[in-house]
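Residue numbers (this note's numbering): 1093 to 1281.
Okay, structure coming up:
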């Protein structure tokens, strides 16, 4: 029995938890229809609505750079903050930025174990973020975004220590891809 591999499909659609992503030769892309639906959500009127918005973004966290950085303000909102007398300008700005980033979600390249690994780190007062990249077509392309909000005790860390935490988070999430690889790390320090 012989199989003609030139007849392979160019694109495969994979469904997971009622959300879709497209996988093809170029990489992995989030379903634009579902991203457009998330981008049209109005600013929530209560904490439960905000949690629903953030939950919808969690599935697409691998596609959104600095999700934790922009989402940190939204995660800290309490039910009382949604009252009419509270200034939510920072939360609304973060909400708008996240919706913009959802619409502009990039195609993530497939990890190639034969290529060098590059990591870009970012950390601020309340969150950390890292980007796993590889060179494709003489340019650095994103393979995966990773990030999280800092815990209470981590907020007091020095900036360089926070970036080390960002690297450790990426190594934890992408361990099977990165084990035994040389990693080129780009940081502000």
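Even for Gly, the Cβ is constructed at its ideal location relative to N, Cα and C.
### Task
Count the other C-beta atoms from every protein chain shown that fall within 10 angstroms of the C-beta of residue 1175, then say buried if there are 16 or more, exposed otherwise.
As a position in the chain shown, residue 1175 is number 83, starting the count at 1. Result: exposed.
### Query
Going by alpha carbons, who is nearest to residue 1237 out of 1145, 1151, 1116?
Numbered from 1 along the chain shown, position 145 holds the residue referred to as residue 1237. Nearest of 1145, 1151, 1116 to residue 1237, Cα basis: 1151.
### Task
Go to residue 1278, then tell me how far its beta strand (DSSP E) extends in each direction, as first and last residue.
The residue given as residue 1278 occupies position 186 in the chain shown. Run containing residue 1278: 1275–1278, per the beta strand (DSSP E) assignment.
### Endpoints, the beta strand (DSSP E) within which residue 1236 is located
In the chain shown, the residue the question calls residue 1236 occupies position 144. First-last of the beta strand (DSSP E) with residue 1236: 1231–1241.
### Query
Over what stretch of residues does the alpha helix (DSSP H) that includes residue 1195 continue unbroken?
Residue numbering aside, residue 1195 sits at position 103 when the chain shown is read from its first letter. Taken as a continuous stretch (DSSP letters only), the alpha helix (DSSP H) holding residue 1195 covers 1181–1195.
### Message
Rounded to whole angstroms, what is the Cα-Cα separation between residue 1215 and residue 1245?
### Response
As a working note, residue 1215 is residue 123 in the chain shown. As a working note, residue 1245 is residue 153 in the chain shown. Looking at the two C-alpha atoms, the distance is approximately 15 Å.
### Message
By the three-class DSSP mapping on this structure, what secondary structure does residue 1097 have?
### Response
In the chain shown, the residue the question calls residue 1097 occupies position 5. Note that residue 1097 scores a pLDDT of 47, beneath 50, so its modelled location is shaky and nothing firm can be said.
### Task
Please classify residue 1259: does DSSP put it in a helix, a strand, or coil?
As a first step, residue 1259 must be located in the chain shown, where it is residue number 167. In the structure shown, residue 1259 sits in a helix (DSSP, three-state: H, G or I).
### Query
Along the chain, where does the beta strand (DSSP E) that runs through residue 1120 open and close?
For the purposes of this step, residue 1120 is taken as the residue at position 28 of the chain shown. Here the beta strand (DSSP E) through residue 1120 covers 1120–1122.
### Task
Confirm, please, whether the CB-CB distance from residue 1220 to residue 1257 is below 7 Å.
As a working note, residue 1257 is residue 165 in the chain shown. As a working note, residue 1220 is residue 128 in the chain shown. Yes. Within cutoff.
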